Every structure is written in C-alpha cells, then in structure tokens.
Amino acid sequence: MRPVVERVRTAEGVPVFVVRDGDPAAGPANGGLRLLPYDSERRALADGLRLARRMTLKHALYRTGFSGAKLTAVADPSTVDRRALLRAVGDVLDRHAGRLYTGCDMNTTAADMRVLSGLTPYVLAAVDSAVDASLATAHGIVAAVRQAAGGAVADRGVLVHGVGKTGAAVAALLAAGGARVTTYDHDPAAPLLPGCTALHPLSAWWARPEELLVLCSASGVVDERVAQRLRCRVIVSGANCPYTSREVARILARRGILGVPDVVANAGAVIGDSIEHHQPERFRTGPADEVYRFVAETVADRTADLLRRSSGAPDRVGSALAELLDDAPETVCGLRFAPARV
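For what it's worth, the numbering used here labels the leading residue of the sequence shown as 771, then goes sequentially.
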C-alpha cells in the first residue's frame, strides 16, 4: 500500500510530516517523533517516508500488532518551542483517534513524551513505567551482537558508533559482558564510559580494527566511501537506516562483511510498545528487567533465525530477511510477554 502523508504546522510555523505506512489491518500506525534541523522540508519528508517503511518491516518481523509510521519535525532542537510542537502532534494523534501512536525518537525525550501523554492518550513511551525504552532497545541490540558474535562477546573487540542514551547503554552492557569496547561519537561532549576506550571525535573510526561494529548514531553514517574502508567483519545496525544507499549493502556483502539489519537488531522499543499497548497494566506495574529479558530473548531468536537462514553469508541476508517476514510469529509479541515475577 502507498504511504499516507500529512503535513501540519505548529503555532510557530514548524512543519511536521506525519507518515503512515503499511496495511492498517496490521494494526494502528506506530512510530517515533523525530526532531531535526533538516535543510529542507523535502529532506524531512524523505526521511519520514524511509523510516516509516522500516518501521513497517520491523513491526511485521516481530508481529507487534502495529503498522509503520514516523513523524519528522523540521526545527532546531535547541530553540524549538517544544510545547507548541507537542500540542500540534497531540492534535494530530487525537484526530486519528487510536489509529496512530508515537513515542521518542531523535531529539525528543521522555520528558517530552510525559507532556504529550498529558495532551493525548495515543503515546507509547513507557510513561509511568519503570521501563526505559532506550534501555529496552539497548538490550535488544546487545542480544543481536551476541548472536552475531557466536553467542558470547567476552574478549571480542567491539566499536560502538554513537554514545547517546541507547549507544551508551549498549557500550556499558557489552563491557559488562567482557567485550573490549571502543566508542566513537562526533560530539566532543559525549560521555566517557567506564570500561570503554573513547576515540577522538575527528578520528578515522572506519579504519579501526575491531571485529564488530555497532551503529547507534544517526541515519546514513555509512556511505559508499566508508563501506570500502571498513575493517570490521560484522555490522549490527542499532541505528535506523544507517546506510546511505542500497549500494552500500552490496559493497559490504562483496567485501564479506556480515550485516544484521536495523529492523532485526533495534526492535526493543517496538517490542516494549507492543507489551504496553496489549498488556498495559502488566507493563506499567511489572519489573523492568523482565521486559528487558523478554526483549533480549525475542531479538536473539530472530537474529539467530536470520543467521541460520543466511548461513552467515553476507550476500544472503536480504533473502533471509524476506523469508523471516513471510514467517512472522502467529501471536502478537506483546501478548506473549509473561514475566517470571510480578
């Protein structure tokens, strides 16, 4: 089905694109609110379309009970009137009356989602829950890394690209598991994490010798030039749409670099959304670590299945992913969640 696009403006004139993708019969559209100083509205729309499509695939792969969506707002995160933005988004969500949900994405925060949830009920962001959506995502990414590493990360070299909230949690979890973790972030103010070695923001991160590369920063960080220079053996895409083109994936496959796609690795938040939507009381009152355990097990299972179907061959990952999409679980994943203790 063709995506459905709406364009709205906040009271101060900030444009927001609302993209719904996929078959509504799969469930309400669900995707995060991304806030970036795009250089044009056209670029913001293109980003929304691309990300909403990836959300549709992710929801289908894990049978979350949702279809895909993405909201992209064109503004400087440091100066935007956030309340005006959230009011405009709340109006859109109310108008859809349960057919569209949103949550955090780049440059929108848990505090923003708390405000938004006071304006509309159509927010899935672990508000009033002990669960941290970023940490849930991190647990899923680490589970994918473990599978790609053969089951254990102890003494394996890992480069984590991007140490925002999710990336920092990924690095910490990997270090706790015994991995030799190096981190990179373009921001000089990025945190220095215990047990990890931080690279200089101007360093040639793509030339690093670490076996495993975990992408946790922005979309489009690997272009064709970088793909030709990478020295890693495995890429786990914790970030959405980390490649600038399909040619990047082809280059990596030709070079024998195995890639675990974003829709497989970074599904922790949407798995959490599925629990929150389908078992709201259990999600709100249950132990957060049980949600993280469920996320890790679910992502590990799908990653292992992907690697098995592809036989670990980089050029077969795409066909293996297509097989997985045709073989989605019968039961909505949020309904399969059953904590060991309450």
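By construction, the Cβ of each residue, glycine as well, lies at the ideal position given by its N, Cα and C atoms.
Note that the structure is a prediction, hence the values are computed from the model and not measured.
Which of helix, strand or coil DSSP assigns to residue 776: Strand at residue 776.
Pair within 8 Å by beta-carbon distance, residue 993 and residue 1012: Cβ distance not < 8 Å, so residue 993 and residue 1012 don't count as in contact.
Status (buried if at least 16 other CB within 10 Å, exposed otherwise) for residue 955: Classification for residue 955: buried.
Buried/exposed call for residue 917, threshold 16 Cβ in 10 Å: Residue 917 should be labelled buried.
Beta-carbon proximity list for residue 780, same chain, < 6 Å, skipping 5 on both sides: Excluding sequence positions up to five before and after residue 780, its CB lies within less than 6 Å of the CB of 854, 855, 858, all in the same chain and listed in chain order.
Touching by the beta-carbon criterion (3+ pairs, under 8 Å), the segment 955–971 and the segment 875–891: No contact exists between the segment 955–971 and the segment 875–891.
Assigned exposure category for residue 868 - 16 Cβ within 10 Å defines buried: Per the 10 Å Cβ criterion, exposed.
Option in 987, 818, 865, 825 with minimal Cα separation from residue 843: Answer by Cα proximity: 818.
Segment limits, alpha helix (DSSP H) that includes residue 832: Following the DSSP letters along the chain, one finds residue 832 inside the alpha helix (DSSP H) bounded by residues 811–832.
Proximity below 8 Å, CB of residue 976 to CB of residue 999: Cβ distance < 8 Å, so residue 976 and residue 999 count as in contact.
Cβ-Cβ distance between residue 939 and residue 908 below 8 Å: Taking 8 Å as the Cβ cut-off, residue 939 and residue 908 qualify as a contacting pair.
First and last residue of the uninterrupted alpha helix (DSSP H) at residue 1050: Start and end: 1050–1055.
For residue 790: DSSP bridge partner residues: Residue pairing by DSSP puts residue 790 in a beta bridge opposite 774, 839.
Minimum C-alpha distance to residue 1006 - residue among 1024, 997, 986: Of the listed residues, the one whose Cα sits closest to residue 1006 is 986.
C-alpha gap between residue 787 and residue 1022, whole angstroms: Approximately 32 Å between the Cα atoms of the pair.
Inter-residue CB distance, residue 783 and residue 906 (contact presumed, cutoff 8 Å): In fact, because the Cβ distance is near 35 Å, the residues do not count as touching under 8 Å.
Cβ-Cβ distance between residue 1053 and residue 901 below 8 Å: Here residue 1053 is near residue 901, since their CB atoms are less than 8 Å apart.
Continuous alpha helix (DSSP H) assignments of at least 4 residues falling wholly in the segment 1009–1085: Listed in chain order, the complete alpha helix (DSSP H) runs (minimum 4 residues) inside the segment 1009–1085 are 1016–1024, 1032–1035, 1038–1048, 1050–1055, 1058–1080.
Whether residue 951 touches residue 960 by CB criterion (8 Å): It is not a contact, given that the beta carbons lie outside the stated cut-off.
Three-way DSSP call (helix, strand, coil) for residue 1095 in this model: Three-state DSSP puts residue 1095 in a helix.
Complete alpha helix (DSSP H) runs within the segment 847–926 (minimum length 4 residues, chain order): Contiguous alpha helix (DSSP H) elements confined to the segment 847–926 occur at 852–866, 880–887, 903–918, taking only those with 4 or more residues.
Helix, strand or coil at residue 978 [DSSP, three-state]: In the structure shown, residue 978 sits in coil (DSSP, three-state: anything other than H, G, I, E or B).
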